[in-house]
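All remarks here apply to the structure that follows.
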Amino acid sequence: MKKLIFAVIISATIFSSCCDKKETNRSKETVNEKDSTVYSVSEHQSMATLWFQKSAEARALFLQTYNFAEKLLTEKLKKDRFKLKKKKPKAIIADIDETVLNNSPYNARLIKTGTHYTPETWTKWVNEKKAKALPGARDFFNNAKEKGVEIFYVSNRSVKNINSTVENLKNEGLPFADKKHVLLKDKTSDKTARRDSILKNYDVIMYLGDNLRDFNENFKYTKNGNRNDSVKTQKEKFGDLYIIFPNPMYGEWEKAVYEGNFGISDLEKQNMRLKALKEN
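First residue of the sequence shown: 807, per my numbering; consecutive thereafter.
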């Protein structure tokens, strides 16, 4: 009898141990499932964000572009001296995000938390006023100011974020950081009206941006249009009137990959990204 009781106790102990192991394994599976979810939602952005934050090539490319813009500005101002007609004051129109200020930490947060862009999380980031000036930006814009050129920052940040944006620009030592020179989005992402309001009183000699729509609306994504064709038809303006900066993290180009529909599921987006890749 004692042997039988002992055997039952041993069996119960082994069974309990097995159950504990199964529960532990289930817990690990749950964690792995969560990790997998984070990976599937946001991992596709990680290499672009790492390149933007960490690569020496990204820094060099920004410095190269701003150096080129500096030389171009000097040439344009020299040529203008010989014009006899009455002149408007000179101005430069620049986008803010990923042209002047670096918001890649916001993208990093999305990747690490496995979440998408939302107006709420973006506003929180903007109100922190932590975006740093991109390489070459501070020197270029301050040199332009010394040469008598005004800077207008035309951005699709919400007009509700005007105070935080102006303060962030000031903190980074950028000139003309005031409400006259910072024009944010009110009702539409189309920047044409804001650009036109500047053109009434200024001779705009250069546009800077990381998105082609920072220059004009001909580059807007449409289902029947081809943005590459629009680039070809305006090729003489690049390196003269239009100065483009690299942004592999997001932009109008991404909208084209998803055929204009950001509302599709993460799995559908992944499939469309794979479909868009060319193998030859």
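We treat Cβ as the ideally placed atom computed from N, Cα and C, and that holds for glycine.
Under the three-state reduction of DSSP, which class applies to residue i: helix, strand or coil?
i       : result
Met1012 : strand
Asp903  : strand
Asn1007 : coil
Leu1073 : helix
Leu980  : coil
Lys986  : coil
Asn908  : strand
Lys896  : strand
Lys1081 : helix
Lys918  : helix
Between the alpha carbons of residue i and residue j, how many angstroms are there, rounded?
i       : j       : result
Lys882  : Ala950  : 12 Å
Asp916  : Gln859  : Here the sequence assigns Leu to residue 916, which means Asp is not the residue at that position. C-alpha separation (whole angstroms): 15 Å.
Lys930  : Gly1045 : 35 Å
Ile957  : Thr971  : 15 Å
Lys885  : Leu989  : 29 Å
Met1055 : Glu1085 : 22 Å
His922  : Ser848  : 8 Å
Phe1025 : Asn1034 : 9 Å
Met1078 : Glu1058 : 15 Å
Glu1074 : Ala864  : 30 Å
Phe1068 : Glu1023 : 20 Å
Ser1071 : Leu1083 : 19 Å
Ser852  : Glu1065 : 22 Å
Val837  : Gly920  : Summary for Val837: the model assigns pLDDT 39, below 50, so the residue's position carries little reliability, and this model does not support an answer.
Lys936  : Tyr912  : 10 Å
Report the residue from the options whose alpha carbon sits nearest the alpha carbon of residue i.
i       : options                              : result
Pro941  : Thr880, Asp1046, Val906 and Ile899   : Val906
Lys994  : Ala983, Ile1050 and Arg963           : The amino acid occupying residue 994 in the given sequence is Thr; Lys does not appear at that position. Per the Cα distances, Arg963.
Ile1049 : Ser861, Ala864, Phe868 and Ala854    : Phe868
Pro1052 : Asp901, Pro895, Ala897 and His850    : Asp901
Leu975  : Met1078, Asn908 and Pro895           : Asn908
Lys986  : Glu1023, Val960 and Ser852           : Val960
Asp903  : Ala897, Thr880 and Trp928            : Trp928
Gly954  : Ala864, Arg887 and Tyr1027           : Arg887
Phe946  : Gln870, Arg1019 and Thr855           : Gln870
Asn969  : Asn1007, Asn1032, Asn933 and Lys1043 : Asn933
Ala1062 : Leu1018, Lys896 and Ile898           : Leu1018
Ser910  : Ala939, Lys893 and Lys997            : Ala939
task: Entirely within the segment 921 to 969 and at least 3 residues each: give me those beta strand (DSSP E) ranges in chain order.
output: Runs found: 956 to 964.
query: Do the segment 871 to 878 and the segment 944 to 961 make contact, defined as three or more Cβ pairs closer than 8 Å?
result: Result yes; three or more Cβ-Cβ pairs closer than 8 Å.
field: Inter-stretch contact at 8 Å, needing at least 3 Cβ pairs: the segment 974 to 982 / the segment 998 to 1018
entry: No: fewer than three Cβ pairs fall under 8 Å.
query: Which runs of the alpha helix (DSSP H), 4 residues or longer, sit entirely within the segment 1024 to 1061?
result: Correct list: 1033 to 1039.
- request: Identify every run of the alpha helix (DSSP H) within the segment 861 to 892, keeping only runs that are complete inside it and at least 4 residues long; order them along the chain.
  value: Within the segment 861 to 892, the runs of alpha helix (DSSP H) that reach at least 4 residues and sit entirely inside it are, in chain order, 862 to 886.
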